[in-house]
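If you want my numbering, it's the 1-based position in the sequence shown plus 31.
Backbone N, C-alpha and C fix where the C-beta goes; we use that ideal spot for every residue, glycine too.
This one's a predicted model, so the numbers in the text were calculated from it and none came from an experiment.
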Amino acid sequence: MPGLITLEICVESPAGAAAAIAGGCDRLELCSALALGGLTPSAGLVAAVLDVARPAGVPVRAMVRPRPGGFDYDADDLAMAAAEARALVAAGVQGLVFGVTDHGSLAIDALRDWIATLGERRPALTLHRAIDVLDDRVMALEQAVDLGFDHILTSGGARDAPSGAATIAQMVARAHGRLTVMAGAGISPGNVVDLIAATGVTAVHGSAGTTPDDIGDDPLGFGPAPRRTSEAIVAALRRAIDDKSNLGQL
Numbered sequence: 032m033p034g035l036i037t038l039e040i041c042v043e044s045p046a047g048a049a050a051a052i053a054g055g056c057d058r059l060e061l062c063s064a065l066a067l068g069g070l071t072p073s074a075g076l077v078a079a080v081l082d083v084a085r086p087a088g089v090p091v092r093a094m095v096r097p098r099p100g101g102f103d104y105d106a107d108d109l110a111m112a113a114a115e116a117r118a119l120v121a122a123g124v125q126g127l128v129f130g131v132t133d134h135g136s137l138a139i140d141a142l143r144d145w146i147a148t149l150g151e152r153r154p155a156l157t158l159h160r161a162i163d164v165l166d167d168r169v170m171a172l173e174q175a176v177d178l179g180f181d182h183i184l185t186s187g188g189a190r191d192a193p194s195g196a197a198t199i200a201q202m203v204a205r206a207h208g209r210l211t212v213m214a215g216a217g218i219s220p221g222n223v224v225d226l227i228a229a230t231g232v233t234a235v236h237g238s239a240g241t242t243p244d245d246i247g248d249d250p251l252g253f254g255p256a257p258r259r260t261s262e263a264i265v266a267a268l269r270r271a272i273d274d275k276s277n278l279g280q281l
C-alpha cells in the first residue's frame with residue numbers, strides 16, 4: 032500500500048526492479064542507459080521488468096527518449112519517440128515518461144502530436160526533467176496540465192533537488208493538486224525528509240544506485256558499467272519517508 036509520500040525508483044534491469052520492490056518502492060521508472068541520463072528501454076528489458084513488477088503489484092512507467100543529449104528533437108527523433116511509445120504501451124507499461132523542448136520552451140505542438148498518436152490507449156504521463164532546462168518552468172507546468180500530464184519530474188532547474196527546493200515549492204503551489212510535482216535528482220535517505228518539508232511534494236524519485244566494487248578500466252571504450260540499485264538504500268528512503276517522527280514534521 033503506498034505511503035503518504037510516493038517513492039519512485041528509476042531502474043535499468045530486472046535485478047534493479049527486484050531490489051527496488053524489495054526495498055519498498057511504490058512505482059518504478061524503467062530506462063536503459065542511466066549513465067546517459069536514461070534512454071528508451073528495449074522490448075526485452077521491458078518484458079523482463081514487467082515480469083518482476085506485475086506479481087508485486089508495482090506499476091511501471093517507461094522512459095521514452097530516443098537518443099542522449101538535449102531534448103530539441105527533429106522529425107526523425109519524434110517519429111522514433113512515437114513508435115517507441117506505442118510499443119511500450121502495447122507491452123503493458125502503466126505509464127510513459129517524455130519531454131520535448133524547442134529552444135528553451137516546451138514544444139507544445141510536438142507534444143500534442145506525440146500524445147495523439149497514443150489514441151485511446153494513452154497511459155499515465157510524466158513530463159520528465161526536460162522541464163529543468165526551460166526558461167519558464169511555471170508556464171511549462173500550466174502547459175503540462177493542459178496537455179494531460181499527471182506528473183512532472185523536476186529538480187527545480189538545479190543540479191539536484193535540494194538545491195532547487197525553492198523552485199520546486201513554487202511549482203507545487205502553482206500545481207495546486209492538478210498534477211503531481213515529483214522531486215528528483217540527488218535524493219538520499221539523509222536529505223529526503225528535509226526536502227519534502229521544504230517543498231511540499233507528495234512524490235520523490237531516486238535511483239538509489241551504487242557503483243559496482245568490481246568496476247575496472249574501460250580500455251576499449253565500451254562505456255561505464257551500469258550502477259546497481261541498492262535494496263538497502265531504497266529501504267532507507269522508505270523508512271525516512273514513513274517514519275512517524277518525520278511525518279510529524281511535514
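Asked	Found
Any non-hydrogen atom of the ligand SAM closer than 8 Å to residue 91 Cβ	Looking at this structure, you won't find the ligand SAM or any other ligand, since it has none at all.
Option nearest residue 138 by Cα separation, candidates 106, 119, 125 and 114	106
Assumed close pair residue 272, residue 36 - CB separation to whole angstroms, cut-off 8 Å	5 Å
Residue 80 - DSSP class collapsed to helix/strand/coil	helix
Ordered list of beta strand (DSSP E) runs contained in the segment 53 to 134, each at least 3 residues	58 to 61, 91 to 94 and 126 to 129
Reduced DSSP category for residue 43 - H, G, I as helix; E, B as strand; rest coil	coil
Test item: CB-CB of residue 196 and residue 214 under 9 Å	yes
Assigned exposure category for residue 163 - 16 Cβ within 10 Å defines buried	buried
Sequence-distant residues of the same chain with beta carbon closer than 8 Å to residue 204, five excluded per side	231
Span of the beta strand (DSSP E) around residue 183	182 to 185
Helix, strand or coil at residue 38 according to DSSP, with G and I counted as helix	strand
For residue 234, the three-state DSSP class (helix, strand or coil)	strand
Limits of the unbroken beta strand (DSSP E) element including residue 212	211 to 215
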